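Notes follow once the structure below has been shown.
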Ligand SMILES: Cc1cc2nc3c(=O)[nH]c(=O)nc-3n(C[C@H](O)[C@H](O)[C@H](O)COP(=O)(O)OP(=O)(O)OC[C@H]3O[C@@H](n4cnc5c(N)ncnc54)[C@H](O)[C@@H]3O)c2cc1C
């Protein structure tokens, strides 16, 4: 087995793989154009929940594997991982609770009026004010990206690994020949790097607002308009959007729409907007690419990209699979 590994990409996928390889004794170096907070991963909410990623028969097992690791990490206060109640709502009819969610303890919220189970909002109005018709509750891990990405980087470095940023590669063969194993974790960057025309940018915009004292759970509605309010340690993420677009500039009208909708649901006045962020979810129609291949120069490459809206949710399951593939001769 090769013992020097170059990982391209320092978002959640690259950092998680880096932690795993470094702790297993590999000489591990990450090369990336941008790191941590400046990547798509730095924009994410980042709640554990399988969303906008294919194919389900692989995504769910990877997600469940990741869930277990994150539950363990939630016991370490340095990691920025906590367990939070997710309340997932629908605007039309009865929400279907997926089997995997039932196995994790999901329970329907329609037994009591939806409004009353929303969260600790004082004097909740009638359910139809929220335009939600049903929902379910489930306890899931939440990674506070402002803490978690640095935590992963620190673990990698403590394990003897290194991160070099500001390195933009035109092709994977440009990785220094001192590394005989290359792991490709470049997210939407794989469109031009591999290149892979099947990768599509699912644009997401969020607004960061101050912590809302009355909000103790994560509220999500995937029906149009996509809406979520996710409380973190020091602030709250309001979202969101999901459209096919490469546009990285913030759209102020979209921020206004997001803040209006979240504030209406939470029955609060519009909060101050601390920051607006945009990221491109790396969605791959044919599914997450996780496989072993050869570069043109004969070196082994393991691809790990195309996680769409689930990069955090799949991170440890995929990193384990990458490690197994890399170790398989
Ligand atoms: C608004 C929003 C909300 C989201 N919410 C969630 C959520 O709640 N839960 C969840 O699980 N997921 C969520 N996601 C999805 C998640 O953010 C992504 O799936 C995840 O960030 C992908 O991580 P990655 O490490 O594969 O890619 P990225 O984070 O994009 O990192 C790619 C890395 O590769 C580097 N790179 C790219 N090209 C090159 C190149 N040519 N040369 C050198 N380096 C290169 C980049 O600089 C970067 O370091 C959300 C995404 C968005 C946009």
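In this note's numbering, the protein residues as written are 200 to 528. Here a beta-carbon is modelled for each residue, glycine too, at the ideal position from N, C-alpha and C. Since we're looking at a predicted model, the values are computed, not measured.
- DSSP lists 401 as the beta-bridge partner residues of residue 480.
- Taken through DSSP and simplified to helix, strand or coil, residue 333 comes out as strand.
- In this chain, residue 387 is not harboured by any beta strand (DSSP E), its DSSP state being neither H nor E.
- Contact annotation: the segment 491 to 505 does not touch the segment 424 to 433, with fewer than three C-beta pairs closer than 8 Å.
- With a cut-off of 8 Å, the C-beta of residue 247 is classified as near ligand 1, since at least one heavy atom of the ligand falls inside that distance.
- In the three-state scheme derived from DSSP, where H, G and I count as helix and E and B as strand, residue 523 is classed as helix.
- By the beta-carbon neighbour count (other beta carbons within 10 angstroms, threshold 16), residue 399 is buried.
- In the DSSP annotation of this structure, residue 250 is not part of any alpha helix (DSSP H), being labelled neither H nor E.
- As computed with DSSP, residue 499 is found in a beta bridge with 380 and 493.
- In this structure, the straight-line span from the alpha carbon of residue 231 to that of residue 307 is close to 43 Å.
- In this model, residue 267 and residue 506 are separated by some 19 Å (Cα to Cα).
- Residue state for residue 259 is assigned as helix, using DSSP reduced to three classes.
- For residue 204, there is no enclosing alpha helix (DSSP H); the enclosing beta strand (DSSP E) has its first and last residue at 203 to 209.
- Here residue 287 is buried. Its C-beta has 16 or more other C-beta atoms within 10 Å.
- Taking the Cβ of residue 207 as the reference point, at least one heavy atom of ligand 1 falls within a distance shorter than 8 Å.
- Along the length of the segment 450 to 479, whole alpha helix (DSSP H) runs at least 4 residues long occupy 451 to 465, reported in chain order.
- DSSP places residue 364 outside any alpha helix (DSSP H); the residue lies instead in the beta strand (DSSP E), whose first and last residues are 361 to 364.
- Taken from the Cβ of residue 384, at least one heavy atom of ligand 1 lies inside 8 Å.
- Contact annotation: residue 487 and residue 261 have beta-carbon atoms nearer than 9 Å.
- Considering only 416, 444, 333 and 351, the residue with the shortest C-alpha distance to residue 285 is 416.
- Short note on residue 357: C-beta not closer than 8 Å to any heavy atom of ligand 1.
- The three-state secondary structure of residue 214, taken from DSSP, is helix.
- If you draw a straight line from the Cα of residue 292 to the Cα of residue 442, it comes to about 24 Å.
- The three-state secondary structure of residue 416, taken from DSSP, is coil.
- Taken through DSSP and simplified to helix, strand or coil, residue 446 comes out as coil.
- According to the DSSP assignment, residue 229 belongs to no alpha helix (DSSP H) but to the beta strand (DSSP E) extending over 226 to 234.
- In this structure residue 304 touches residue 337 by the C-beta definition: roughly 7 Å separates them, less than 8 Å.
- Residue 259 has its Cβ no nearer than 8 Å to any heavy atom of ligand 1.
- Taking each of 449, 386 and 401 in turn and checking the Cα distance to residue 210, the smallest one comes out for 386.
- DSSP places residue 301 inside the alpha helix (DSSP H), whose first and last residues are 298 to 302.
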